[in-house]
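Numbering-wise (the working numbering), the sequence shown opens with residue 1087 and increments by one.
Just so you know, even glycine gets a beta-carbon here, dropped at the ideal spot from N, CA and C.
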Amino acid sequence: MTEAVRAALRVQRVELPSWAFGNSGTRFKVFAQRGVPRTPFEKVQDAAQVHRYTGVAPTVALHIPWDRVDDYTHLAGFAKEHGVGLGTINANVFQDDDYMLGSVTNPDPAVRRKAIDHLLECVDIAAQVGVRDVKLWFSDGTNYPGQDSIRVRQDRLAQALRETYARLNPDQRLLLEYKLFEPAFYTTDVPDWGTAYAHCLRLGEKAQVVIDTGHHAPGTNIEFIVAFLLREQKLGAFDFNSRFYADDDLMVGSADPFQLFRIMHEIVSADALKSGAGIAFMLDQCHNIEPKIPAQIRSVMNVQEATAKALLVDHDALAEAQRAGDVLGANAVFMDAYNTDVRPLLADVRREMGLDPDPVAAYQRSGYGDKIVAERVGGQQAGWGA
Ligand code: AOS
Ligand code: ZN
Ligand code: ZN
């Protein structure tokens, strides 16, 4: 059993967001940190540090236009030289003035055209560098009852998704992310998993739902959504982060590690951890007051800890207790795994992988943090408090 757990932990992969390395904040204040990346190349360099010390974060998701470069093949080559690769391409149809009333659901056809063209560009960039996934999140919605037709906006959304889907090559996927609210407050055009699922179902099997853990109403049972979408083969990816109130984008596993364990238990019990299962485990976080590279390392470790605990669930004993209707017994099996201290196990796995058992300490000792402060002046803002 332990060797199987170790093997699963060695091959688990977590994707890092380029925007986690830039300055970010709230609408009240962005606290600029020294040494943050000035270019997409420097973001890739920082992401490579996270992989270097964790061994399980070999790809970095890009955000267009925040990470726009002239030559994406060059950026991909640069990433490779640094031991990582480019990951999911994230579209951005929320920052231009044109998008005040929406992007793909905007009442103005010219704005819709502009937004769809950007989505197509993202598909093309992904194809150019051999990336499988293009992730779409829309800030579209309305603030006031009567402002626009809810139904017609769904039609416009469906049309945009159809056109984008048609552009995918056979190896690509369209990942559709939902979000309960914000920045629109009355209606959001993709507010929940059901809406995302219905659109993806119509599009076809290359369209999959993204669960951002911070995008639900308080008290939502996220592991139920995970279980349901896995069963329907419509779960494509996670945007992992933690929340106390809304879309806080704090470090995954920091606010509610038990919830992360419950999510990973659904993944493990559906045998969906292995890369062949096609679930992308991504972080979608911003580090507003904490140092960014160690925060990403810590986040990856938090995912690993929840995964290790989920892998330790005694599935035979659990199934037996469930069959017997042994409510307390089943819960005890579940909690035994959650209450196990998996840190020594993960330290061992890291040693087996030729890594330092304590990635944060190893990074701190490396001097990289001081080096970038000395070398980089005038770091970039992530673009927006994602
Ligand atoms: C927005 O709230 C969503 O979480 C997006 O996934 C993401 O943060 C944004 O697209 C940044 O790329
Ligand atoms: Zn997200
Ligand atoms: Zn979000």
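So, at 8 Å on beta carbons, what are the nonlocal neighbours of residue i in its own chain, with the 5 sequence-adjacent residues on each side left out?
i       : result
Phe1367 : Gln1098, Arg1099, Val1100, Glu1101, Ala1323, Phe1324, Phe1326, Val1389
Tyr1272 : Gly1227, Thr1228, Asn1229, Tyr1230, Pro1231, Gln1233
Gly1290 : Tyr1251
His1168 : Val1130, Gln1131, Ala1134
When the Cα atoms are used, what is the spatial distance from residue i to residue j?
i       : j       : result
Gln1240 : Asp1370 : 26 Å
Val1446 : Ile1175 : 28 Å
Ile1458 : Leu1161 : 20 Å
Glu1438 : Leu1432 : 10 Å
Arg1154 : Ala1177 : 11 Å
Phe1330 : Tyr1264 : 18 Å
Ser1235 : Leu1187 : 12 Å
Ala1244 : His1285 : 7 Å
Ala1293 : Lys1221 : 10 Å
Asp1412 : Gly1339 : 29 Å
Asp1194 : His1149 : 25 Å
Ala1096 : Ile1202 : Per the sequence presented here, residue 1096 reads as Arg, with Ala not at that position. Cα to Cα, Arg1096 sits roughly 39 Å from Ile1202.
Glu1352 : Ile1311 : 10 Å
Asp1434 : Arg1288 : 46 Å
Arg1451 : Val1238 : 57 Å
Ala1093 : Leu1397 : 11 Å
Arg1248 : Leu1172 : 25 Å
Tyr1454 : Thr1306 : 40 Å
Ala1341 : His1373 : 14 Å
Gly1440 : Leu1404 : 34 Å
Pro1103 : Arg1218 : 16 Å
Ile1297 : Gly1280 : 11 Å
Val1399 : Phe1314 : 20 Å
Tyr1490 : Arg1259 : With the chain running from 1087 to 1472 in the structure shown, residue 1490 is simply not present.
Tyr1328 : Asp1456 : It should be pointed out that residue 1328 corresponds to Ser in this sequence rather than to Tyr. So the two alpha carbons sit approximately 28 Å from each other.
Glu1318 : Arg1120 : 46 Å
Pro1304 : Asp1444 : 34 Å
Ser1355 : Val1142 : 21 Å
Val1215 : Asp1257 : 12 Å
Asp1335 : His1401 : 32 Å
When burial is assigned at 16 or more other CB atoms within 10 Å of the CB, is residue i buried or exposed?
i       : result
Phe1347 : buried
Ala1472 : Note on Ala1472: pLDDT 42, under 50, position unreliable in the model; the coordinate value appears next. It counts as buried.
Ser1181 : Before going on, a small fix: residue 1181 reads as Gln here, not Ser. Result: exposed.
Asp1275 : buried
Thr1159 : exposed
Pro1269 : exposed
Glu1128 : buried
Asn1425 : exposed
Ser1361 : exposed
Met1421 : exposed
Asp1183 : exposed
Thr1088 : exposed
Arg1242 : buried
Ala1246 : buried
Thr1112 : exposed
Ala1423 : buried
Please confirm whether any heavy atom of ligand 5 lies closer than 7 Å to the CB of residue i.
i       : result
Glu1089 : Ligand 5 is absent from the structure shown, which contains only ligand 1, ligand 2 and ligand 3.
Beta-carbon within less than 7 Å of residue i's beta-carbon, same chain only, minus the 5 sequence neighbours each way: which residues are those?
i       : result
Gly1464 : Arg1124
Phe1224 : Val1179, Ser1189, Val1190, Asp1275, Val1276
Val1170 : Val1130, Ala1133, Ala1134, His1137, Pro1144, Thr1145, Val1146
Ala1394 : Val1091, Leu1095, Val1428, Leu1431, Leu1432
Ala1358 : Leu1316, Ile1365
Arg1384 : Met1337, Val1446
Phe1164 : Phe1127, Val1130
Ala1407 : Gly1415, Ala1416, Val1419
Ala1392 : Gly1339, Pro1343, Leu1346, Phe1347, Met1350
His1302 : Leu1266, Ile1308
Pro1151 : Asn1178
Cutting at 6 Å between CB atoms, please list the residues of its own chain near residue i, excluding the five before and the five after it.
i       : result
Ala1213 : Asn1255
Leu1205 : Ala1177, Thr1250
Ala1448 : Tyr1139, Asp1442
Ala1460 : none
Asn1192 : Arg1198
Arg1436 : Pro1443
Asp1278 : Tyr1264
Val1386 : Val1100, Thr1140, Ala1143
query = Between the segment 1413-1430 and the segment 1130-1141, do three or more beta carbon pairs fall short of 8 Å?
reply = Output reads no: the segment 1130-1141 does not touch the segment 1413-1430.
request  = Say whether the segment 1245-1260 touches the segment 1199-1209, bearing in mind that this needs 3 or more beta-carbon pairs closer than 8 Å, one atom from each stretch.
outcome  = Short answer: they touch.
message = In chain order, what are the residue ranges of uninterrupted alpha helix (DSSP H) at least 4 long that sit wholly in the segment 1187-1216?
response = 1195-1214
ask   = Any chance the segment 1101-1119 sits against the segment 1371-1379, with 3 or more Cβ pairs inside 8 Å?
value = yes
inquiry  = Does the structure place the segment 1422-1429 close enough to the segment 1111-1126 that three or more beta carbon pairs sit under 8 Å?
reply    = Contact fails: fewer than three Cβ-Cβ distances are below 8 Å.
inquiry  = Give the list of continuous alpha helix (DSSP H) stretches no shorter than 4 residues that lie fully inside the segment 1100-1185.
reply    = 1126-1140, 1158-1167
Segments of 4+ residues assigned as alpha helix (DSSP H) that fall wholly inside the segment 1397-1445 = 1401-1409, 1413-1424, 1429-1438
query = Which residue spans inside the segment 1356-1404 form an unbroken beta strand (DSSP E) run of at least 3?
reply = 1366-1369
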